[in-house]
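Chains as they are written, first to last, in this note's numbering: chain P, 8 to 122; chain X, 8 to 118.
Backbone N, C-alpha and C fix where the C-beta goes; we use that ideal spot for every residue, glycine too.
Bear in mind that the values here come from a model prediction, so they are computed numbers and not experimental data.
In what follows, a single structure is set out as structure tokens and then discussed.
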């Protein structure tokens with residue numbers, strides 16, 4: 008069965024510090040992978056998605072970047088965090104069969120607080 | 008206009024009540040639809056998928072009205088454990104980035 012792992016679960020970082028969040032998927036190959044952010048009491052905001060190794064699409068101009076060094080690994084990074092980067096970061100992979108979407112499975116999320 | 012719109016609520020209902028949420032979508036080419044449940048400080052989890060006119064799973068029924076471009080989620084005999092935020096998700100087309108999320112409807116079931 009497919010599983011998605013995301014870590015760390017909680018992170019408190021000072022303004023100006025770097026960030027690296029990692030997401031890995033098991034039990035599938037060539038998945039579409041996504042990074043979302045959810046601010047407190049708000050909806051999900053798509054940040055990046057990737058359809059393959061080295062392929063990154065950015066949805067929102069921001070202080071963040073993403074990389075996909077391996078087929079089942081997706082990394083979210085920042086060189087210098089801002090207070091506005093605080094939020095709940097979710098990695099997701101997408102079920103596709105015969106080009107029909109069967110929705111997303113989300114990782115357990117990382118709650119980032121920038122202080 | 009947003010791709011997906013939901014009433015944010017909150018809906019506060021007593022245990023045992025029946026509650027319904029509606030979700031409207033703007034793109035008539037939308038192909039598939041999902042309801043996700045998100046508990047406080049947790050990740051969203053798939054509750055139901057809707058590919059045709061509707062789907063039923065125990066106390067939960069999802070219905071699709073393509074003519075009016077809305078989907079609904081009906082919860083019968085509400086339990087305390089149903090308290091959560093319910094997200095409506097719409098799939099448009101076949102690209103990699105074609106799932107659109109509503110902002111969610113918050114439900115609190117009261118003893």
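Within chain X, partners of residue i - CB distance below 7 Å
i                      : result
residue 111 of chain P : 106
residue 58 of chain P  : 103
Cross-chain neighbours of residue i in chain P, by beta carbon under 7 Å
i                     : result
residue 50 of chain X : 97, 113, 114, 115, 116
Beta-bridge partners of residue i, as assigned by DSSP
i                      : result
residue 98 of chain X  : X/39, X/106
residue 118 of chain X : Answer by DSSP bridge pairing: none, since residue 118 of chain X is not bridged.
residue 13 of chain P  : P/30
residue 30 of chain X  : X/13, X/78
residue 61 of chain X  : X/70
residue 51 of chain X  : X/45
residue 56 of chain X  : X/41
residue 83 of chain X  : Answer is none; residue 83 of chain X lacks a bridge partner.
residue 120 of chain P : P/19
residue 92 of chain X  : X/45, X/113
residue 21 of chain X  : X/117
Buried or exposed (CB count within 10 angstroms, at least 16 for buried), residue i
i                     : result
residue 46 of chain P : exposed
residue 11 of chain X : buried
residue 22 of chain X : exposed
residue 9 of chain P  : exposed
residue 67 of chain P : exposed
residue 91 of chain X : buried
residue 31 of chain X : buried
residue 82 of chain P : buried
residue 26 of chain X : buried
residue 62 of chain P : exposed
residue 99 of chain X : buried
residue 33 of chain P : exposed
residue 25 of chain P : exposed
Contact set between residue i and chain C, taken where Cβ atoms lie within less than 9 Å
i                     : result
residue 91 of chain X : Any reference to chain C falls outside this structure, whose protein chains are P and X.
Chain-ordered neighbours of residue i on chain X, where CB pairs are closer than 8 Å
i                      : result
residue 18 of chain P  : Ordered by position in chain X, no residue passes the 8 Å Cβ test against residue 18 of chain P, which lies about 14 Å from the chain.
residue 121 of chain P : In chain order: nothing, as chain X lies at least about 17 Å away.
Contact set between residue i and chain P, taken where Cβ atoms lie within less than 9 Å
i                      : result
residue 110 of chain X : 49, 50, 51
residue 97 of chain X  : The premise fails here: residue 97 of chain X is roughly 10 Å from chain P at the closest Cβ pair, so nothing lies under 9 Å.
Please give the ranges of any beta strand (DSSP E) in the stretch 27-112 of chain P, keeping only runs that are unbroken, at least 3 residues long and fully inside the region.
Listed in chain order, the complete beta strand (DSSP E) runs (minimum 3 residues) inside the stretch 27-112 of chain P are 39-45, 51-59, 62-65, 72-77, 80-85, 94-104.
Going along the stretch 65-99 of chain P in order, which residues come within less than 8 Å of chain X, judged by CB to CB distance?
66, 95, 97
Chain P contacts from the stretch 53-64 of chain X (Cβ-Cβ distance under 9 Å)
Flagged, chain order: 53, 56, 58.
What residues in the stretch 29-50 of chain P bring their beta carbon closer than 9 Å to a beta carbon of chain X?
39, 41, 43, 45, 49, 50
Select from the stretch 34-49 of chain X all residues with a C-beta closer than 9 Å to any C-beta belonging to chain P, and list them in chain order.
38, 39, 41, 43, 45, 48, 49
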